[in-house]
Amino acid sequence: GALDVASSDSTAGQGARLCLGARPAEGRRARNWIYLDVWKTFLGALIFIHLVQQADSSAVPKQCDKSCFSGKCVNGTCVCDHGWDGDQCQHCQGRFKLTDLSGSLTDGPVNYKYKTKCTWLIEGYPNTELRLRFNHFATECSWDHMYVYDGDSIYAPLIAVFSGLVVPETRRNETIPEVMTTSGYALLHFFSDAAYNLTGFNIFYSINSCPNNCSGHGRCSAANSMAGRVYCECEEYWKGEACDIPYCKHNCGSPDHGYCDLTGEKLCVCNDSWQGPDCTLTVPSTEAFWVLPSIKPSTQSLGRASHRALVHSGLMWVVGGYSFNYSNYHMVLNSPIKHTLINWMIKSLKKFLHLRSSSF
Ligand SMILES: [Ca+2]
96 GALDVASSDS TAGQGARLCL GARPAEGRRA RNWIYLDVWK TFLGALIFIH LVQQADSSAV
156 PKQCDKSCFS GKCVNGTCVC DHGWDGDQCQ HCQGRFKLTD LSGSLTDGPV NYKYKTKCTW
216 LIEGYPNTEL RLRFNHFATE CSWDHMYVYD GDSIYAPLIA VFSGLVVPET RRNETIPEVM
276 TTSGYALLHF FSDAAYNLTG FNIFYSINSC PNNCSGHGRC SAANSMAGRV YCECEEYWKG
336 EACDIPYCKH NCGSPDHGYC DLTGEKLCVC NDSWQGPDCT LTVPSTEAFW VLPSIKPSTQ
396 SLGRASHRAL VHSGLMWVVG GYSFNYSNYH MVLNSPIKHT LINWMIKSLK KFLHLRSSSF
């Protein structure tokens, strides 16, 4: 019935198409419709294959030729994280803000870029100690610089500038330079000029840490210190802020040369045939060495001239010089400066001023 309706109504175009298969007798017009149908099927197949291919490619994304250091590989291209640049995101370029209690910062895993400017702001807590440790540093000397400010801007005090090579002595990690800020912040700015580059830097930072982590000869402690501050509690044979100075070098060549006496002055006590601060020099010795004479503070001595004097640990040491009677370079004495000497100086000054004023 439907076919008949279509054939009888020539104005019903949609109806005529529906009748294609049933009306082969309509000749050329019908054949055209058949070709169109074949094309449709072919195109459909093409689209299907294309979609399948697309589905495949989204399942296995295109790889990047080289690894992306500070970024992600997206469709075969490295898309860099904030502050990074280069085809592998291997160069710092811009600003970084670091808020962890400890961490590290670097220009990147390869040589730094020419004409680059990178800035790191480390935010601790106000007025805490922040320690920077330059584990690796290699820049073109006097052309590529790292500036360190004790604060959160370049208007804060500039406390260090690094350029060139930092080459720590082997087996002595305490020679790795450290820089400490006390504002609780640190701003590091790196600048490189238009030519020549080197491997750059790797800097570790930590808030409220001990110098050189007490060099492995002590404990980092917050006890009895100012609010939040930490300091090294050194083991018995070590001293210094970072516990890096031995009381007795080379353990005084014990037992053959001497032994380390920790009871009094904490010094080497050498056997008869050895001398020097670490008992490495023979008796007699052709080499010069320093000695710390154990002399009790004295208040009375002959007056002398042309001597040398120095102040150390609350004592004024007086070495050498001439008295009226004789001269002797061994003529060493010391005097506590807090009491006797200062009092004497004040008295002398008063006398002198009194004499001056009375003479006018
Ligand atoms: Ca350079």
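Take the sequence shown: its letters are residues 96 to 455, numbered as in the working numbering.
Where is the CB? At the ideal position from N, CA and C, for every residue including glycine.
By the Cβ rule, the stretch 284-304 counts as touching the stretch 222-241, because three or more pairs are nearer than 8 Å. Setting aside the 5 residues that flank it on each side, residue 276 is surrounded in the same chain by 225, 245 and 254, each with a C-beta closer than 7 Å to its C-beta; the list follows chain order. Proximity of the beta carbon of residue 235 to ligand 1 is indicated: a heavy atom of the ligand is located closer than 7 Å.
Ranked by Cα distance from residue 249, the first of 231, 181, 270 and 216 is 216. In this structure, DSSP gives residue 270 a helical state, which the three-state scheme calls helix.
If you ignore the 5 residues before and after residue 259, its C-beta comes within less than 6 Å of the C-beta of 236, all in its own chain and listed in chain order. In this structure, the beta-carbon distance from residue 289 to residue 210 falls below 8 Å.
345 is the residue among 345, 205 and 325 whose C-alpha sits nearest the C-alpha of residue 333. Taking non-hydrogen atoms of ligand 1 into account, the C-beta of residue 258 is found less than 7 Å away from none of them. Cβ atoms of residue 410 and residue 431 come within 8 Å of each other, at about 6 Å.
Boundaries of the beta strand (DSSP E) harbouring residue 328: 326-329, taken from the DSSP string. Inclusion of residue 291 in the 7 Å shell around ligand 1 follows from its C-beta lying nearer than that to a non-hydrogen atom of the ligand. Residue 393 and residue 415 have their C-alpha atoms spaced approximately 15 Å apart. Cβ neighbours of residue 183 within its own chain (closer than 7 Å, five residues either side excluded): 161, 162, 163, 164 and 173. Residue 367 has its Cβ no nearer than 7 Å to any heavy atom of ligand 1. Ranked by Cα distance from residue 191, the options 177, 317, 331 and 181 are led by 177. Ranked by Cα distance from residue 341, the options 175, 330 and 349 are led by 330. With a threshold of 7 Å, the Cβ atom of residue 287 counts as near ligand 1, since some heavy atom of the ligand is closer than that. Apart from the 5 residues on each side of it in sequence, residue 404 sits with its Cβ closer than 7 Å to the Cβ of 411, 412 and 413 in its chain, given in chain order. A distance of 8 Å or more separates the beta carbons of residue 350 and residue 363. With 16 or more other Cβ atoms inside 10 Å of its own Cβ, residue 282 counts as buried. Remark: the C-beta of residue 239 is in contact range of ligand 1, defined as less than 7 Å to any heavy atom. 8 Å or more divides the Cβ of residue 361 from the Cβ of residue 287. For residue 284, the enclosing beta strand (DSSP E) covers residues 280-286.
If only uninterrupted beta strand (DSSP E) runs of at least 3 residues are considered, those enclosed by the stretch 188-263 are 189-193, 197-201, 212-218, 225-233, 240-244 and 253-257. With contacts defined as CB atoms closer than 8 Å, residue 280 and residue 247 qualify as a contacting pair. Residue pairing by DSSP leaves residue 385 without any beta bridge partner. In this structure, 257 is the residue among 186, 257 and 407 with its C-alpha nearest to the C-alpha of residue 271. Each of 355, 159 and 203 was checked against the Cα of residue 179, and the nearest Cα belongs to 203.
When the beta-carbon positions are compared, residue 242 and residue 186 stay at least 8 Å from each other. A distance below 8 Å between beta-carbons, with the five flanking residues on each side excluded, links residue 158 to the following residues of its chain, in chain order: 168 and 171.
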